[in-house]
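I have placed the structure first, in the form of structure tokens, so that the comments after it can refer back to it.
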Amino acid sequence: MNLGASESKIVRAEVIVELKECCARHLPAIVAQPETETSVKAAFSLLQDNAVRFEVRGQAGAVFKDLAPAVVSYLLEGTLHVFVGSVTGFVPSTSTGYLTMTLPPFVIQPDMRRFFRVPLIDPGRVQVRMEDQGYAVYEPQLVDISVGGMLIEFPVKADPRLDVKSALKVQLQLDEQIANYLAEVRHTRPGKYGLMFVEAPNALDSVKEESALKEILAAVERAWLTQGR
6 MNLGASESKI VRAEVIVELK ECCARHLPAI VAQPETETSV KAAFSLLQDN AVRFEVRGQA
66 GAVFKDLAPA VVSYLLEGTL HVFVGSVTGF VPSTSTGYLT MTLPPFVIQP DMRRFFRVPL
126 IDPGRVQVRM EDQGYAVYEP QLVDISVGGM LIEFPVKADP RLDVKSALKV QLQLDEQIAN
186 YLAEVRHTRP GKYGLMFVEA PNALDSVKEE SALKEILAAV ERAWLTQGR
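In structure tokens, the structure reads:
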């Protein structure tokens, strides 16, 4: 869809309203920059003309690269919101530092963040069981997860050396929630594999499996965004 000028202004105005509320409430957030592999806990502080500023406490050793993108995640009314902006300044401090970012054109809502993965704060809390076409069974550790896929990790000596495009049956369990999916290996690193969820094994159960997956993801999100609070 080609947004006209008036439509673009409406989208931007909605973002400004939301970020003003976040700053007024000093909402906590996680700011992560993939390029520097930096992730810090922060709090919304001030909305300026073309930027939003965060307070960052006790992160003197953190490193952010100017003009490189970073991902901001926060809970608003119990729902995870995500946006991407460019870092325009970072002043670290052993007490309270400041991080400034450009305003985003939009904020991603839960149904739009298929490829945004949330890291596990409590490794092992979500149990993963996988079965390949040769009926070998694996129980790796979950590293991060989204409604579109997950990153798993094996101990070096237990690495099954799965190939890209390998098909797997995956079962995820968190307490009473169990989600079953067919998945495909999309990328590999030594001991680590990125998987994409393809579909439920039984098409008749697709709604049930998706609901269970979203409940698991919601619990992981809450643990991530409320860590240490």
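Following the numbering used here, the numbering of the sequence shown begins with 6 at its first residue and continues without gaps.
All residues carry an ideal CB built from backbone N, CA and C; glycine is no exception.
Could you tell me the boundaries of the beta strand (DSSP E) in which valine 175 lies? As a first step, residue 175 is located in the sequence shown; it is residue number 170 there, counting from the start. Here the beta strand (DSSP E) through valine 175 covers 172 to 179.
If you follow the beta strand (DSSP E) that valine 87 is in, where does it begin and where does it stop? What you label residue 87 is simply residue 82 of the sequence shown in a count that begins at 1. Looking at the DSSP string, the run of the beta strand (DSSP E) that includes valine 87 is 84 to 96.
Under a CB-based cut-off of 8 Å, is valine 133 close to chain C? Here chain C cannot be found, since the structure has a single protein chain.
In the structure shown, what three-state DSSP assignment does valine 212 receive? Along the sequence shown, one-based indexing puts residue 212 at 207. Three-state DSSP puts valine 212 in a helix.
Cut-off 8 Å between Cβ atoms - residues of its own chain near threonine 101, not counting five sequence neighbours on either side: Looking up residue 101 in the sequence shown gives position 96. Excluding positions up to five away in sequence, the list reads Glu60, Val61, Arg62.
Three or more beta-carbon pairs under 8 Å between the segment 90 to 100 and the segment 60 to 79, yes or no? yes
Distance, Cα to Cα, glutamine 176 vs glycine 83? Here residue 176 is taken as the residue at index 171 of the sequence shown, counted from 1. Here residue 83 is taken as the residue at index 78 of the sequence shown, counted from 1. Distance between the alpha carbons of glutamine 176 and glycine 83 is about 26 Å.
What first and last residue would you give for the beta strand (DSSP E) that runs through tyrosine 198? The count along the sequence shown starts at 1 and reaches residue 198 at position 193. That run of the beta strand (DSSP E) goes 197 to 204.
Residue burial classification, phenylalanine 111 (beta-carbon count within 10 angstroms, cutoff 16): Here residue 111 is taken as the residue at index 106 of the sequence shown, counted from 1. So phenylalanine 111 ends up on the exposed side.
8 Å CB neighbourhood of tyrosine 103 in its chain, flanking five on each side removed: Translated into the one-based positions of the sequence shown, residue 103 becomes position 98. Only Ser50, Arg58, Phe59, Glu60, Val61, Gly94, Phe95, Val96 meet the Cβ criterion.
Going by beta-carbon coordinates alone, are leucine 167 and methionine 155 separated by less than 8 Å? Taking the sequence shown and counting its residues from 1, the one referred to as residue 167 is at position 162. Taking the sequence shown and counting its residues from 1, the one referred to as residue 155 is at position 150. No, they are not a contact pair.
Grouping DSSP H, G and I as helix and E and B as strand, with all else coil, what is lysine 244? The requested residue 244 is not part of the displayed model; the chain covers only 6 to 234.
According to DSSP, is valine 225 part of a helix, a strand, or is it coil? As a working note, residue 225 is residue 220 in the sequence shown. Of the three classes helix, strand and coil, the one that applies to valine 225 here is helix, per DSSP.
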